[in-house]
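Numbering (the numbering used here), first residue to last: 50 to 236.
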């Protein structure tokens, strides 16, 4: 089975198993904006940072939501994915039931009134980005496997098992690739 290189907003990128870049090793990235000419933006879904949103955003209501590393670009910014696009103005649907961003002041009100729970939202420091044509070049070089988004990846998936699960979900020989140990020299 050959890999389909048709990528678009909402596609999930899975790092090939031997990628050496520590920012992307065994990463699962949701593309939230993709334009072949303009470039692409996405967020690494499986890199928790062991800190809460309140640790980074002053004035945010008390909310036990873990921050994730979205990628190495603009690490002085906070982004969020959520399931409440019908409640949060300026949200952008990137995959069925998965929304990116929205009115931050309104978000704080929804958190304060308990209308957004921790399972409804994920916060990211920085993002992953590619210039026009760069991502397609990386796809053709075998750096990434494209997959369909499963909203459980973003909101319910365990970070330490997500890459293996997503690779298995692609099926065919990717299910076998998912079984390759991360550090093969330890095998």
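Glycine included, C-beta positions come from ideal geometry on N, C-alpha and C.
For the options 95, 127, 90, 109, the alpha carbon positioned closest to that of residue 172 is the one of 127. By the neighbour-count criterion, in which a residue is buried when 16 or more other Cβ atoms sit within 10 angstroms of its Cβ, residue 158 is exposed. With contact defined as three or more Cβ pairs closer than 8 Å, the region 139-148 and the region 174-194 are not in contact.
Secondary structure remark: continuous beta strand (DSSP E) runs of at least 3 residues inside the region 67-137, in chain order: 77-84, 88-93, 97-101, 115-118, 122-131.
Annotation for residue 208: 95, 97 place their beta carbon closer than 6 Å to its own, counting only its chain and skipping 5 residues before and after. Rounded to the nearest angstrom, the Cβ distance from residue 204 to residue 132 is 6 Å, consistent with a contact under 8 Å. Residue 80 and residue 114 have their C-alpha atoms spaced approximately 22 Å apart. In terms of CA proximity to residue 182, 89 leads the group 89, 153, 217, 110.
By the 16-neighbour rule on beta-carbons within 10 angstroms, residue 198 is buried. In the structure shown, residue 142 falls within a strand segment according to DSSP collapsed to helix, strand and coil. As the crow flies, the alpha-carbon of residue 64 is around 14 Å from that of residue 218.
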